[in-house]
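**Q** Below you will find the structure I want to go over with you.
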Amino acid sequence: MDKILEVKNLKLYYHTSKGTVKALDDVTFDLFKGETFGLVGESGCGKTTTGTALLRMPTPPGRYDGGQIVLDGRDIIDLPENDVRKHIRWEKISMVFQGAMNCLTPVYTVGKQMLETLQEHREMEKVQAEELIREYLELVGLPPEVMGRYPHELSGGMKQRIVIATALFLKPDVVILDEPTTALDVIVQAQIINLLKKLKKTFNLSFIFITHDLALEAEVSDRICVMYAGKISELGTNGQIFGGHPAHPYTEKLLSATPLLHKKVDTLSFIPGAPPDLIDPPTGCRFHPRCHKVIDVCREKEPELKEIGTGHMAACWRCGE
Amino acid sequence: MNDNDKASDVILTVENLKKHFTPHAGLLASLGGPKRVIRAVDGLNFSIRRGEIFGLIGESGSGKTTTGKMVMKLIDPTSGTIVFNGEDVTSIHRQRLQAYRRRVQMIFQDPYASMNPRFKIREVLEEPLVIHRISADRRKRGEMIIKALNEVKMNPPEDYMGRFPHMLSGGQRQRVATARTLILNPMMLVADEPVSMIDLSTRAEILHMMKDVQRDLGLTYLYITHDLSTARYFTDRIAVMYLGRIVEMGPAEEVIDNPIHPYTRALIQAVPEPVTGQVETIKELAISGEIPSPANIPPGCRFHPRCPFAKPECSGQAEPELMDAGKGHFHACRRWKEIG
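Protein chains in written order, with our numbering: chain Z, 84 to 404; chain X, 952 to 1291.
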């Protein structure tokens, strides 16, 4: 498979008055053509920061502090903003933001706001543009009439479909989906997941799927990257992560903390404590204060992300023992 | 409904409970025309046994939160009755209401919004004692606060009493929220999505704590959630709501392993599971569309427009009531035998 995006040693820090928050520290991964790459972790682990960083729009006061984002063989971190706006953002990489469906303008019809996005990027006659919008609405399973509707007249699932269509119609190679189903009910969630799977096949898209929900990652992602406190703790294929033998103690614990619907579990495990403050992260492995497999070296030296199997990486001193 | 239960085993009975909202219409609408009524809860019947964890499951718009608010007496029902511990509490006011609220307490969804940010934890926990005039002695109140914090395993309590809510994690706040209810020595807790805003790694910890407290103090819970997986883990019995009515009710495991109603089946089928080997499959969903507006409830069985098994009788005949399928398993589908 072809690599479409390479993220190398990406660092993104928030410089606040209280100190520097190391929100992303040395994040490295590749994205292949036509795959869904899952980013999973608890709140504050850096999933969304990764998403906005790839789009070259880190939330202020976030700043790149090193690393590369290589798209089509070109590092986009130092590109001038104008180039990014013209050629990268929404053209090559687009994003469905968390809660985007609630950010549709209430005073414009759906058609008008979609048209606006399209005409900003493409020189197109209105008739042509509307034709294209109709085509994409159909792709996401909506009738053309919704173009004349206002957001409040639509259900959550329909609004989410509109946001997905808008992220797709400039034909990007990479689409970042940040919690695209979190606010939706479970049946609608399943409908949207089905839709995303179909779209991925139709356009050979690459998705970066961000969620806190492990079960959802298991359903959609070909490869999964588990993040903790701004770092990657484990990265592997769907089978390596969910096949019963995760490598990192954090992944292991997260999985055993997930309640299962079809299996009676007497006690779920949990991870004591809370994720660390990223202004002053723990020494050594950032997970060591909460880890059940901690040994002395974990407290002193930070483990590197290393390959422990084909395409399976983990950052843990105790992996492979 | 629970004929074989002795009356004293039941702590809460809800009968034919309804809540209809009439939204403020514009001037033109107020001059004539049919009134739009939102039937949020539309004929609910259930009872909760003493010492049981009863789960109310539903999607958004199913009326589960409205039901919780009526049980808490935060809003008045349009009709129907709520009987708590042998007493009809449907329309109690003032002193009796205050006494009722001491016995039935609530844990809210958002641990960030449910606490005054300017209160220290001591004050957060002291407030209910003051409101309910439990003790005039400050030192004695302090002892009660320590006891409550101990019950939710905030150890040592003295460390937390001087802190502000923002200094605590979500999980710790939810512990404090639980302690705040326990301090009044209640008989029943209504918990509306108590862990949905808590991170996965600590979610189980909070559920454990709530279960321990329930067992230690012999409490009864009404647990309101959209999450079937935590419901299976946490509750004894569940009731599945759809558009303001219960469509299926019974022991949690029985309902989830052998669902009868087509809606429950579809709901269970749609829940993602953390196992490998699903990426290439498109899930077959038995039902399409979304839950309709409670302002416009379909006639007959209210699920019929989305039901894959619907027949003319489902829309033409009166709405089915809950029927007994044995083993304490109730459902509201008249075609249940045919659809197997």
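The beta carbon of each residue, even a glycine, is placed where N, CA and C say it ideally should be.
Nearest-angstrom Cα distance between V961/X and I999/X?
**A** Rounded to the nearest angstrom, the two C-alpha atoms are 6 Å apart.
**Q** G994/X lies in the beta strand (DSSP E); which residues open and close that run?
**A** I989 to R1000
**Q** Which residues, in order along the stretch 1224-1237 of chain X, keep a beta-carbon less than 7 Å from a beta-carbon of chain Z?
**A** E1224, P1225, V1226, T1227, Q1229, V1230, I1233, K1234 and L1236
**Q** Can you have a look at H375/Z and say buried or exposed, based on whether 16 or more other CB atoms are within 10 angstroms of its CB?
**A** exposed
**Q** Using beta carbons (cut-off 8 Å, strictly below), is Y1193/X in contact with chain Z?
**A** Y1193/X does not count as touching chain Z.
**Q** Would you mind telling me which residues of chain Z sit closer than 8 Å to H1177/X, beta carbon to beta carbon, in chain order?
**A** H1177/X reaches chain Z at D268 and V269, counting residues in chain order whose Cβ is nearer than 8 Å.
**Q** Applying a beta-carbon distance threshold of less than 8 Å, which residues of chain Z neighbour G1292/X?
**A** The structure shown does not extend to residue 1292/X, since chain X is modelled only from 952 to 1291, so the question has no answer here.
**Q** Closer than 8 Å, CB to CB, is D1110/X near chain Z or not?
**A** no
**Q** D956/X: buried (16+ other C-beta within 10 angstroms of its C-beta) or exposed?
**A** With a pLDDT of 49 at D956/X, under the threshold of 50, the predicted position of this residue should be treated as unreliable, though the coordinate-derived value follows. Within a 10 Å sphere around the beta-carbon of D956/X sit fewer than 16 other beta-carbons, which makes this residue exposed.
**Q** Have a look at P1202/X and Y1214/X and give me their C-alpha separation to the nearest angstrom.
**A** 17 Å
**Q** Between the stretch 298-329 of chain Z and chain X, which residues of the former have a C-beta closer than 9 Å to a C-beta of the latter?
**A** A298, L299, E300, A301, E302, V303, S304, D305, T320, N321, G322, Q323, I324, F325, G326 and G327
**Q** With a threshold of 8 Å between beta-carbons, can I1219/X be considered close to chain Z, or not?
**A** yes
**Q** Which word fits E1010/X, buried or exposed, when buried means at least 16 other C-beta atoms lie within 10 angstroms of its C-beta?
**A** buried
**Q** Apart from the five residues on each side of it in sequence, which residues of its chain come closer than 6 Å, Cβ to Cβ, to H98/Z?
**A** P144
**Q** I want to know whether the stretch 1065-1084 of chain X touches the stretch 1128-1142 of chain X - three or more CB-CB distances under 8 Å.
**A** yes
**Q** Going by alpha carbons, who is nearest to V1141/X out of G1037/X, L995/X and I1004/X?
**A** I1004/X
**Q** Leaving out five residues on either side along the sequence, give the residues of the same chain with a beta carbon under 6 Å from the beta carbon of E89/Z.
**A** Counting only Cβ-Cβ distances below 6 Å, and skipping sequence neighbours, we find D113 and V153.
**Q** Is the separation between the beta-carbon of R925/X and that of E1270/X shorter than 8 Å?
**A** It is not possible to answer for residue 925/X, since the shown part of chain X is limited to 952 through 1291.
**Q** Give me the Cα-Cα distance between N321/Z and E118/Z, rounded to the nearest whole angstrom.
**A** 12 Å
**Q** CA-CA distance, G1014/X and G1195/X?
**A** 5 Å
**Q** Starting from G1037/X, trace the beta strand (DSSP E) in both directions and tell me its first and last residue.
**A** Run containing G1037/X: none; DSSP gives neither H nor E here.
**Q** Jot down the residue ranges of each uninterrupted beta strand (DSSP E) in the stretch 288-369 of chain Z, minimum 3 residues, whole runs only, in chain order.
**A** 289-294, 306-311 and 314-320
**Q** So, with DSSP's three-state summary, where would you put A84/Z?
**A** For clarity, residue 84/Z is Met in the given sequence; the question names Ala instead. Three-state DSSP puts M84/Z in coil, outside helix and strand.
**Q** Is it buried or exposed for Q1046/X, if we count other Cβ within 10 angstroms and need 16 for buried?
**A** exposed
**Q** Which one of K101/Z, K94/Z and I270/Z has the shortest CA to CA distance from P315/Z?
**A** Checking the sequence, you will find Ile at residue 315/Z rather than Pro. With distances taken between Cα atoms, I315/Z lies closest to K94/Z.
**Q** Which two residues bound the contiguous alpha helix (DSSP H) that contains N277/Z?
**A** V269 to F286
**Q** Where does P386/Z sit, in a helix, a strand or coil, going by DSSP?
**A** Coil.
**Q** If we cut at 8 Å on Cβ distances, does V1222/X have a partner in chain Z?
**A** yes
**Q** Can you round the beta-carbon distance between P1225/X and T341/Z to whole angstroms, since I take them to be within the 8 Å contact cut?
**A** Contact annotation, P1225/X with T341/Z: C-beta distance approximately 5 Å; criterion of less than 8 Å satisfied.
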